[in-house]
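Numbering (my numbering), first residue to last: 124 to 345. A virtual CB, placed ideally from N, CA and C, is assigned to each residue, including glycine. Quantities reported herein were computed from a predicted structural model and do not represent experimental measurements. Report on the structure given below.
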Amino acid sequence: MLSTRGRRHASVVVEPVARGLLRLGLTPNVVTVIGAVITCAIAVLLIPQGHLFTAAVASGLFAAFDLVDGTMARLRGGGTRFGATLDATCDRITDGALFAAITWWLIFSYDAYPALVVASFVVLIASQVTSYVKARGEASGFTILGGLVERPERLIVGLVGVGLQGLGVPYAIDVALWALAAGSVYTVVQRLLTASRNPEALERIAPPPGTRDADPQGAASR
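See the structure below:
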């Protein structure tokens with residue numbers, strides 16, 4: 124939800140930063156990679172060691188690079204197909220690193236109940252599937268916009284839970300993970316339903332090359 128509504132408000136802060144980075148000679152793709160590397164390093168180095176509040180604040184700051192690089196591309200006249208692919212790939216890596224680090228901390232430091240660990244794994248997997256459903260649907264020509272828990276909501280809820288837990292608020296991470304697990308599963312189903320209701324949803328597609336029904340040129344017999 125926030126990804127489609129919050130960018131205009133964030134641009135007041137993000138755009139000056141983007142202009143400054145462009146003046147330094149950095150490209151959007153370089154900023155994407157730098158942000159991903161630093162965000163992953165923060166998650167895997169600080170969270171397993173129990174530095175939860177520091178990790179939450181630092182991760183939140185560098186996660187903002189996800190807005191900065193896109194703004195830089197727009198200021199340069201528009202993004203590229205490779206840039207969009209790189210950005211989406213780095214998003215999946217950083218999401219995976221964050222929730223893998225949280226899961227590690229739950230198991231080895233928090234002594235979490237198995238059910239909470241399962242909830243964390245659900246978030247880890249569903250975060251990837253949520254994005255994949257949209258990407259695969261759009262590759263099929265569907266329009267899949269929005270969703271209850273997109274990446275901004277996932278990061279905000281997850282990092283707030285981590286940060287509050289680091290400040291000593293009991294069960295903050297528990298509440299955050301259960302809320303994200305439920306919301307993420309709902310979002311996957313929500314996006315699949317959106318795809319299923321597309322007018323072209325039942326259109327037949329070509330079988331993969333090499334199968335019995337594919338012609339020698341890889342085209343499908345309809």
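Residue i - DSSP class collapsed to helix/strand/coil
i: I296; result: helix
i: A249; result: helix
i: I319; result: What sits at residue 319 in the sequence shown is Ser, not Ile. Here S319 sits in helix by DSSP.
i: Q302; result: The question names Gln, but residue 302 is Ala in the sequence shown. In this structure, A302 counts as helix in the three-state DSSP scheme.
i: V140; result: helix
i: D218; result: helix
i: D234; result: coil
i: L209; result: helix
i: L190; result: helix
i: G260; result: helix
i: G333; result: coil
i: V272; result: coil
i: I328; result: coil
Closest by C-alpha distance to residue i, when choosing among the options
i: C213; options: A179, V245, L144 and Q251; result: Q251
i: V285; options: V272, P275, L300 and L271; result: L300
i: L268; options: L198, V245, A249 and A318; result: A318
i: L315; options: G202, G270, R204 and L175; result: G270
i: V136; options: L149, L184, V241 and V153; result: L184
i: S243; options: A295, L303, G202 and A262; result: L303
Cα-Cα separation between residue i and residue j, rounded to whole angstroms
i: A178; j: G219; result: 15 Å
i: V280; j: D192; result: 23 Å
i: W346; j: V245; result: It is not possible to answer for residue 346, since the shown part of the chain is limited to 124 through 345.
i: S307; j: A249; result: 6 Å
i: V312; j: E326; result: 20 Å
i: L145; j: R274; result: 25 Å
i: G206; j: G200; result: 13 Å
i: S321; j: G173; result: For the sequence presented, residue 321 should be read as Asn rather than Ser. Taking the straight line from one Cα to the other gives about 46 Å.
i: S263; j: L290; result: 45 Å
i: I328; j: G202; result: 30 Å
i: L247; j: A238; result: 14 Å
i: P331; j: A324; result: 18 Å
i: T310; j: L149; result: 35 Å
i: I225; j: R204; result: 32 Å
i: G158; j: V240; result: 27 Å
i: T194; j: T266; result: 23 Å
8 Å contact criterion, which residue i and residue j should meet: CB distance rounded
i: T155; j: D210; result: 5 Å
i: L287; j: S182; result: L287 to S182, Cβ: 14 Å. No contact.
i: P151; j: A196; result: 4 Å
CB contact below 8 Å: residue i versus chain E
i: Q288; result: In the structure shown, chain E cannot be found, because there is only a single protein chain.
Touching by the beta-carbon criterion (3+ pairs, under 8 Å), the region 228–236 and the region 199–217: no
Assess contact between the region 165–172 and the region 240–257, defined as three or more Cβ pairs (one per stretch) separated by less than 8 Å. Is contact present? no
When the Cβ atoms of the region 137–157 are set against those of the region 183–198, are three or more pairs found closer than 8 Å? yes
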